[in-house]
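Participant:
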Amino acid sequence: MSLIEFTDKGLYCPQGEFYIDPWRPVARAVITHAHSYHARAGSDHYLCHRLTKPLLELRLGPHSFQAVEWGEAVFLNGVRISLHPAGHIIGSSQIRIEYKDEVWVISGDYKTEDDGLSGKFEPIRCHTFLTESTFGLPIYNWKPQADIFSSMQNWVAGNQDRGKTSVFIAYSLGKAQRILSCLSDAADTIYVHGAVWNVHQTLVDAGIKLPPVVRVLPDMPRDLFRGQVVIAPSSAEDSAWMRRFTPLGVGVCSGWMQVRGNMRRRNADAGFALSDHADWKGLLEAISATGAERVFVTHGFQATLSRYLNEKGIWAAEVKTEYGEDEEGGEPVVAEAAAEEEASMEARTEKGIADEEAAAEEGAANTAEEAAASTAEEAGGADDGKEEGDAL
Ligand SMILES: [Zn+2]
Ligand SMILES: [Zn+2]
6 MSLIEFTDKG
16 LYCPQGEFYI
26 DPWRPVARAV
36 ITHAHSYHAR
46 AGSDHYLCHR
56 LTKPLLELRL
66 GPHSFQAVEW
76 GEAVFLNGVR
86 ISLHPAGHII
96 GSSQIRIEYK
106 DEVWVISGDY
116 KTEDDGLSGK
126 FEPIRCHTFL
136 TESTFGLPIY
146 NWKPQADIFS
156 SMQNWVAGNQ
166 DRGKTSVFIA
176 YSLGKAQRIL
186 SCLSDAADTI
196 YVHGAVWNVH
206 QTLVDAGIKL
216 PPVVRVLPDM
226 PRDLFRGQVV
236 IAPSSAEDSA
246 WMRRFTPLGV
256 GVCSGWMQVR
266 GNMRRRNADA
276 GFALSDHADW
286 KGLLEAISAT
296 GAERVFVTHG
306 FQATLSRYLN
316 EKGIWAAEVK
326 TEYGEDEEGG
336 EPVVAEAAAE
346 EEASMEARTE
356 KGIADEEAAA
366 EEGAANTAEE
376 AAASTAEEAG
386 GADDGKEEGD
396 AL
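Structure, rendered in structure tokens:
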């Protein structure tokens, strides 16, 4: 019996009789973080980090929740479970599972750069590591957060010179909180969409210190927003809600913005490649730091990353999960871009290298479009309707 099995409901520990981030309702779920692909409603009991609990209450409604601190051990049928910082969003945790000298670590989503909010990613030694691979291509190579923040501030200043409002598109849980500190110095007031507001208030109530924001209300006069900053989820793009900020500039904050074509597709005026996931180098460093002899690769570019690890002599295999590509990638337009990039990666391997970014932009073959069509269908609207559907 394997310590963790891959079942149609999710990752299952038969000895401890619990699931990790199950995508169907189960009796006992251990949750890595509150993004909707990883935390679904309907299970009987949830175990999660102390700061994930209020977010689950907000998003899933009343359920039975047990909250723990990082490093605190919980035992189920002799299986030792503990949660450790994953650095992805507030409360996000890797799950360490130990039974009779065997250790597995399930990463959930993770980021290796410390953002000052989400906890510093903790490398954990284990025999088997299950990693995400959202940005598991060599073209994803993040700039330091401070550099991205200063380009965001410069962009706001440029908009202010032109009398424009700066609207940042960022998902409501994670990215929105992360960009607050840099933007609160750039404008007098930060206005937020209702979806961002709900998460913000939940976190403030849970004791997290965040810069103040003002919720956009229907009766606010339009000239209030002139030169100010607005943060909204992607569901607000091109909506009537957005038009009240005219004249405006739209800046998208997402790792996908590293590839220039994605900005064009999104109709954005500016793209900031700020991600809450590890880049290619971060993934490889995190994997290596575990010392794991086996690596399972889930949601993202799992084929590319697992092939690469095998070539480097680390046993690796893809695992099909239903996590989607997270909020940062769970949009049809982005799924399309992802499929193109994966296709271009194949082309690149055949060509044997060159200008990776150019390949990613121009490698869109017919097959990529077909793949994109089906991926887009799967990814379509999985998140937006539920958690970012607040019309304000
Ligand atoms: Zn996530
Ligand atoms: Zn994820």
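Numbering (my numbering), first residue to last: 6 to 397. Ideal placement from N, C-alpha and C gives every residue a C-beta, glycine not left out.
Out of curiosity, what's the CA-to-CA distance linking Arg-248 and Ala-278?
Facilitator: In the sequence shown, counting from the first residue as 1, residue 248 sits at position 243. In the sequence shown, counting from the first residue as 1, residue 278 sits at position 273. Cα-Cα distance, rounded: 25 angstroms.
Participant: Given a cut-off of 8 angstroms on the beta-carbon distance, is the pair Asp-281 and Lys-116 in contact?
Facilitator: As a first step, residue 281 is located in the sequence shown; it is residue number 276 there, counting from the start. As a first step, residue 116 is located in the sequence shown; it is residue number 111 there, counting from the start. Taking 8 angstroms as the Cβ cut-off, Asp-281 and Lys-116 qualify as a contacting pair.
Participant: Just verifying my parser: in three-state terms, what is the DSSP assignment at Ile-292?
Facilitator: In the sequence shown, counting from the first residue as 1, residue 292 sits at position 287. Helix, per DSSP.
Participant: When every heavy atom of ligand 2 is checked, does at least one fall within less than 7 angstroms of the C-beta of Gly-50?
Facilitator: For the purposes of this step, residue 50 is taken as the residue at position 45 of the sequence shown. Looking at the sequence provided, one finds His at residue 50 rather than Gly. No; taking the cut-off as 7 angstroms, the Cβ of His-50 has no heavy atom of ligand 2 nearer than that.
Participant: Around the C-beta of Gly-83, are 16 or more other C-beta atoms found within 10 angstroms, so that it is buried, or is it exposed?
Facilitator: On the sequence shown, residue 83 is found 78 positions in, with the first residue counted as 1. So Gly-83 ends up on the exposed side.
Participant: Confirm the yes/no value for this check: CB of Asp-284, any heavy atom of ligand 2, distance under 7 angstroms.
Facilitator: Locating residue 284 in the sequence shown gives position 279, counting from the first residue. No, since every heavy atom of ligand 2 falls outside the 7 angstroms radius drawn around the Cβ of Asp-284.
Participant: Mark Tyr-104 as exposed unless 16 or more other C-beta atoms lie within 10 angstroms of its C-beta, in which case mark it buried.
Facilitator: One-based indexing of the sequence shown puts residue 104 at position 99. By the neighbour-count rule (16 or more Cβ atoms within 10 Å), Tyr-104 is buried.
Participant: Measure the C-alpha to C-alpha separation of Ala-211 and Gly-66 and round it to an integer number of angstroms.
Facilitator: Here residue 211 refers to the residue found at position 206 when the sequence shown is read from its first residue. Here residue 66 refers to the residue found at position 61 when the sequence shown is read from its first residue. Computed Cα separation, rounded: 16 angstroms.
Participant: Between Gln-165, Val-234, Asp-166, which has its C-alpha nearest Ser-186's C-alpha?
Facilitator: Position 181 of the sequence shown, counted from the first residue, corresponds to residue 186. Out of Gln-165, Val-234, Asp-166, Val-234 has the C-alpha closest to the C-alpha of Ser-186.
Participant: Inspect the beta-carbon positions of Val-12 and Ile-36 and report whether they are closer than 8 angstroms.
Facilitator: For the purposes of this step, residue 12 is taken as the residue at position 7 of the sequence shown. For the purposes of this step, residue 36 is taken as the residue at position 31 of the sequence shown. According to the sequence shown, residue 12 is Thr rather than Val. No.
Participant: Thinking C-alpha only, which one of His-38, Arg-269, Arg-220, Val-221 is nearest Ser-112?
Facilitator: Taking the first residue of the sequence shown as 1, we reach residue 112 at position 107. Comparing Cα positions, the closest option is His-38.
Participant: Taking the alpha carbon of Tyr-145 as the reference point, which residue from Leu-229, Tyr-328, Met-262, Pro-252 has its own alpha carbon closest?
Facilitator: Working through the sequence shown from its first residue, we reach residue 145 at position 140. The shortest Cα separation from Tyr-145 among Leu-229, Tyr-328, Met-262, Pro-252 belongs to Met-262.
Participant: Output yes or no for whether 8 angstroms exceeds the beta carbon distance between Ser-239 and Tyr-176.
Facilitator: Within the sequence shown, residue 239 is the residue found at index 234, counting from 1. Within the sequence shown, residue 176 is the residue found at index 171, counting from 1. Yes. Within cutoff.
Participant: From Asp-106 to Thr-133, what does the alpha carbon distance come to, in whole angstroms?
Facilitator: Stepping through the sequence shown from its first residue, residue 106 is reached at position 101. Stepping through the sequence shown from its first residue, residue 133 is reached at position 128. Their Cα atoms are separated by approximately 12 angstroms.
Participant: Can Tyr-328 be considered in contact with ligand 2, in the sense that its beta carbon sits closer than 7 angstroms to one or more heavy atoms?
Facilitator: Your numbering for residue 328 matches position 323 in the sequence shown. Checking every heavy atom of ligand 2 against the Cβ of Tyr-328, one is found closer than 7 angstroms.
Participant: Count Cβ pairs between the stretch 215-232 and the stretch 162-170 that sit closer than 8 angstroms; are there 3 or more?
Facilitator: In short, these stretches touch, since the Cβ pair count reaches three.
Participant: For His-68, which residues does DSSP report across the bridge?
Facilitator: Sequence index remark: in the sequence shown, residue 68 carries index 63 (1-based). Bridge partners of His-68: none, in fact.
Participant: Once DSSP output is grouped into helix, strand and coil, what is the label at Ser-186?
Facilitator: Here residue 186 refers to the residue found at position 181 of the sequence shown. Correct three-state label for Ser-186: helix.
Participant: With a threshold of 7 angstroms, establish whether the CB of Asp-106 neighbours any heavy atom of ligand 1.
Facilitator: Along the sequence shown, one-based indexing puts residue 106 at 101. No, the beta carbon of Asp-106 sits no closer than 7 angstroms to any heavy atom of ligand 1.
Participant: Examine chain D for any beta-carbon lying closer than 8 angstroms to the beta-carbon of Ser-41, and answer yes or no.
Facilitator: The structure shown has no chain D; it contains just one protein chain.
Participant: Going by the CB atoms, is the gap between Ala-34 and Gly-17 shorter than 8 angstroms?
Facilitator: Residue 17 sits at position 12 when you count from the first residue of the sequence shown. Residue 34 sits at position 29 when you count from the first residue of the sequence shown. Sequence inspection shows Tyr at residue 17; the Gly mentioned does not correspond to that position. No. Outside cutoff.
Participant: Is Arg-64 near Ala-44, with beta carbons less than 8 angstroms apart?
Facilitator: Taking the first residue of the sequence shown as 1, we reach residue 64 at position 59. Taking the first residue of the sequence shown as 1, we reach residue 44 at position 39. Yes, these two residues count as a Cβ contact at 8 angstroms.
Participant: Taking 7 angstroms as the cut-off, does the CB of His-40 come closer than this to any heavy atom belonging to ligand 1?
Facilitator: As a position in the sequence shown, residue 40 is number 35, starting the count at 1. It does: the Cβ of His-40 is within 7 angstroms (strictly closer) of some heavy atom of ligand 1.
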